[in-house]
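Peer 1: Once you've had a glance at the structure underneath, I'll fire off some questions.
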Amino acid sequence: MSSNPNRLPQNESEAPKLSISQRAAAKASGAPALEADYLEGLNPEQREAVLTTEGPLLVLAGAGTGKTRVLTTRLAHIIGTRKAWPSQTLTVTFTNKAAREMRERALKLIGPDAGGLSWLGTFHSISAQMLRKHAELAGLKPSFTILDTDDQVRLCKQVIEAEGIDPKRWTPRFLAGLVDGWKNRALTPDKVPNDEAYAFADGRGAKCYQIYQSRLGVLNACDFGDLLLHTIRIFQQNPDLLADYHAKFRYILVDEYQDTNVAQYLWLRLLAQGTGNICCVGDDDQSIYGWRGAEVDNILRFEKDFPGASVIRLERNYRSTGHILAAAASVIDQNKSRLGKTLWTEGEKGERLKVRGFWDGESEARQIGEEIEAWAREKRSYEEVAILVRASWQMRLFEERLILLGIPYRVIGGPRFFERAEIRDAMAYLRLIRSPDDDLAFERVVNQPKRGVGGTSLAKLQTMARADGRPLTTLARMILQTDELKGAARTGLMRFIDQLDLWRDKLAGGMPHTELMEVILDESGYTDMLQKDRGPKSQSRLDNLKELVRAMGEFDTLEGFLQHVELVMDVGGQSGGEEVQILTLHAAKGLEWPLVFLPGWEEEVFPSKRSIDENGLKGLEEERRLAYVGITRARERCHISFAANRQIYGRWQSVLPSRFVDELPEDSVDVASDTGYGAGATGFGTAFGAVGGGVVEDLGTSSYNSPGWKRLQANKAKGRTVSEPSYTFDGDARIIETGSSPGDMAFPLGARVFHDKFGYGRVVGGDGQKLTVDFEKSGTKKVIATFLSTP
DNA sequence: TTCTTCACGCTTTTT
DNA sequence: GCGTGAAGAA
């Protein structure tokens, strides 16, 4: 190795050796360390291309093919061969977590002495970094604040009220969503298409957006979208500045390219115009963030967008068994718009996937609980197990079950630390001390805890502030000079302003920011308020505030802490030990487990009804990619399940198996026959038999057009064993709601039934042959259904 | 101003 | 079924 670390090596053999643990082994096998350790499985041309390609490069990396390895290895190679210094590379990810992991892995390869990777981060953090340098070019002060979703919505509310729009008809949340969507597509207020502006308050959409933007300017703030948009505009309007960045960034690397939105694409394209050395890694089949602006088209169009681009396909999977891959492939193959890859493995075919139908969510959870116990009996660990659900409300049943069984588990996701009300309140106090002009923070805590400054006083302040163009704190001081406010409002506001001044002085006087936080919570009465609240949540709120103080201690200054938190809305989570993981499919991207449960595969739950309603085929295909992501998380075993009846928002509903169940390949799937309910048939028939309730619901109307019925017939035609709903009904009676306690019939006691003649009723009895229903209105008990065969 | 009551609506999640 | 949020009551 060269003794002078600052001398640029003349050729690759002189490049610094790589400090990776397996280096010795690699050497023994005669292969250069990098390739042997990290790019195993690529053919020689691909290896060469990943490491040395100049110009645009797209790596299409299927699930489990080592996507991140490709990116880190390329980065390390560029730095290791001194094609660029670390500071001359730009590496972009979507999440802070991904950025952290990338940094760790890259530093392992290039060694910690190689210099900081100061331009490795998320789109937003890198944009913020740039924007703080050139804030004045965007009409901002470098100390601008970054608003989070909550602030955004509140600002939208103000805009709506100021415009005299009915906030019930046109909700602030909706406007915030529209603005967000426009920003994702890099549309400034003047560029919003007319018809879309009409989607809000009869054509006032673009105007509201305009006002929202000018309010942001006054507040010296931007939202997340602005971080990118301002940067893009600065680049467009200042070619010489852009040229500086072109000279600076010799290589650009992008992770998860399929998740980029229009703004991010433009941002990348501007920066890549310099060297053209942009390497994007992604998988079109794993694009699951369309609903927040990701454009799969970006990856589909890559070769057009970046002329002369090379494309590499990584299709060898190192993660899952053959059956799991076959199942995933068979599902994703139904999607029309995809680039197309075929994953393969040299590993075992492994176990077939299990598909099971259950009567309801409880029995599904019960069964999954048993499977996990069996897994543990095989001396395998709980942390190897994950339950992946479509929506977070589905988690509850599993939590309850695992608690009952005493199985340790952890829910991943859930409310973020910095989004909790108490944390946001505390943060608002800090923001107000840092910048007295932060109106949103002022509004948030001026009456929290209660100081007698209620809606009327605040509204008075706001109208005056708006007329005057001055921030709320300034106006509060002015109004206190007059006798505009009386009684509690006046004393409360005065005390608030005085306290703010006092705390600000303490900070200026050198009080550590952690101590200041404690003082604020104490003197403001916030802690008192929580301690007096005997609610079930108040203790955990107090704990959270303690945790906040602890987290603040990791930063030297208040300013450093605030700037970090605005971008990274998360606090370093404790990594779990021996725990089953429960998480959403979205949160599972990028992770893997030996044993994966995929419950709740029911039409309208997964694929989600709303997704299809709102986005049609596009929505459905995204749901299908979600199914693909789910299946490919499994290394060894994968259990898919669905129920016939499910409680959604407290209401019982009959549900049908997801169409994705049908898309699984028969050869790789076992359908269990122990579903218990339904008409008790076997094979795929069981699955659909169990769903008899769903078919029955529509009896007499459109049941023969329902997807469940059609599939039942199709399966019958294929010669599979199917079970048809085997009961006749008196009139047009239909099951509309089922009880939760399964009796020994297909329709448990308590099932709610509707009858054309008698109205609503509940199942009160039955003997496997007959169903007796008590009708609420008429008071008559009547046998309405007779089973042709005993279930 | 604050407390109480009813209506509503409700994916997925990051920055 | 539950939490939020806005309208009415003390």
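For what it's worth, this note's numbering labels the leading residue of the first sequence as 2, then goes sequentially. Just so you know, even glycine gets a beta-carbon here, dropped at the ideal spot from N, CA and C.
Let me know the beta strand (DSSP E) ranges lying completely inside the stretch 351-415, each 3 residues or longer, listed in chain order.
Peer 2: Runs found: 354-361, 386-390 and 410-412.
Peer 1: Would you kindly check if the distance between the Cβ of GLN153 and the Cβ of ASP224 is under 7 Å?
Peer 2: yes
Peer 1: Work out the CA separation of MET512 and VAL454 for me, nearest whole Å.
Peer 2: 29 Å
Peer 1: Put ASP775 into one of helix, strand or coil per three-state DSSP.
Peer 2: Residue state, collapsed to three classes: strand.
Peer 1: For HIS640, name the three-state secondary structure that DSSP assigns.
Peer 2: strand
Peer 1: Can you tell which of GLU667, ALA62 and TRP594 has the C-alpha that lies nearest to the C-alpha of GLN259?
Peer 2: ALA62
Peer 1: What's the call for ASN239, buried or exposed, on a 16-neighbour Cβ count within 10 Å?
Peer 2: Exposed is the call here.
Peer 1: What residues are listed by DSSP as bridge partners for CYS157?
Peer 2: Within the DSSP bridge table, the entry for CYS157 names no partner.
Peer 1: Please determine if the stretch 269-281 and the stretch 240-250 are in contact, where contact requires at least 3 C-beta pairs separated by less than 8 Å.
Peer 2: yes
Peer 1: Which residue's Cα is closest to the Cα of PHE598: PRO608, THR585 and GLU605?
Peer 2: THR585
Peer 1: Note down the Cα distance separating LYS487 from PRO190, rounded to an integer number of angstroms.
Peer 2: 42 Å
Peer 1: On the DSSP bridge list, what partners appear for TRP345?
Peer 2: ARG317
Peer 1: Over the uninterrupted beta strand (DSSP E) stretch that includes TRP594, give me the two end residues.
Peer 2: 594-599
Peer 1: Please report how far the alpha carbon of THR483 lies from the alpha carbon of SER458, in whole angstroms.
Peer 2: 14 Å
Peer 1: Using 7 Å as the threshold, is the C-beta distance between ALA588 and GLY415 below it?
Peer 2: no
Peer 1: So the candidates are ASP663, PHE776, THR633 and ASN646; which of them puts its Cα closest to the Cα of HIS324?
Peer 2: THR633
Peer 1: Would you mind reading off the limits of the alpha helix (DSSP H) that contains TYR199?
Peer 2: Where TYR199 is concerned, there is no enclosing alpha helix (DSSP H), given that its DSSP letter is neither H nor E.
Peer 1: Would ILE373 and ILE404 qualify as a contact pair, given that the criterion is a beta-carbon distance under 7 Å?
Peer 2: In terms of Cβ geometry, ILE373 and ILE404 do not form a close pair [threshold 7 Å].
Peer 1: Run through DSSP, which three-state label would ASP191 get?
Peer 2: helix
Peer 1: Distance, Cα to Cα, ASP506 vs LEU563?
Peer 2: 18 Å
Peer 1: To which residues of the same chain is ALA29 closer than 7 Å at the C-beta, ignoring the five residues directly before and after it?
Peer 2: With a pLDDT of 39 at ALA29, under the threshold of 50, the modelled position of this residue cannot be trusted, and the question is left open.
Peer 1: Going by C-alpha distance, which of ASN299, GLY67, ILE111 and LEU220 is nearest LEU76?
Peer 2: For LEU76, the closest of ASN299, GLY67, ILE111 and LEU220 by C-alpha to C-alpha distance is ILE111.
Peer 1: Given this structure, state the Cα-to-Cα distance separating SER703 from GLU604, to the nearest angstrom.
Peer 2: The predicted model places SER703 with a pLDDT of 27, which falls under 50 and marks its position as unreliable; any figure quoted below should be read in that light. Taking the straight line from one Cα to the other gives about 17 Å.
Peer 1: Just to confirm, is the Cβ distance from MET642 to PRO600 under 7 Å?
Peer 2: This sequence places Ser at residue 642; Met is not what is there. Cβ atoms of SER642 and PRO600: closer than 7 Å.
Peer 1: Find out if the Cβ-Cβ distance for the pair ALA100, GLY122 is shorter than 7 Å.
Peer 2: yes
Peer 1: Considering just the uninterrupted stretch of the alpha helix (DSSP H) at GLN582, what are its terminal residues?
Peer 2: Where GLN582 is concerned, there is no enclosing alpha helix (DSSP H), although the beta strand (DSSP E) it sits in stretches over 581-585.
Peer 1: Would you grab the beta carbon distance between GLY370 and ARG402 for me? Rounded to a whole angstrom, and I think it's under 8 Å.
Peer 2: 5 Å
Peer 1: For my contact list, GLY294 and GLY182 are in at a C-beta cut-off of 8 Å; report their separation, rounded to the angstrom.
Peer 2: 6 Å
Peer 1: Less than 7 Å between the beta carbons of VAL390 and GLU664, yes or no?
Peer 2: no
Peer 1: What's the call for ASP426, buried or exposed, on a 16-neighbour Cβ count within 10 Å?
Peer 2: buried
Peer 1: Give the single residue among GLY526, MET131, LEU501 and ALA136 whose Cα lies nearest to the Cα of GLN449.
Peer 2: GLY526
Peer 1: TYR430 lies in the alpha helix (DSSP H); which residues open and close that run?
Peer 2: 422-435
Peer 1: Helix, strand or coil for GLY283, going by three-state DSSP, please let me know.
Peer 2: strand
Peer 1: Whole angstroms is fine: what's the gap from SER669's alpha carbon to GLY591's?
Peer 2: 24 Å
Peer 1: Smallest Cα separation from ALA628: which of VAL656, VAL662 and ILE480?
Peer 2: It is VAL662.
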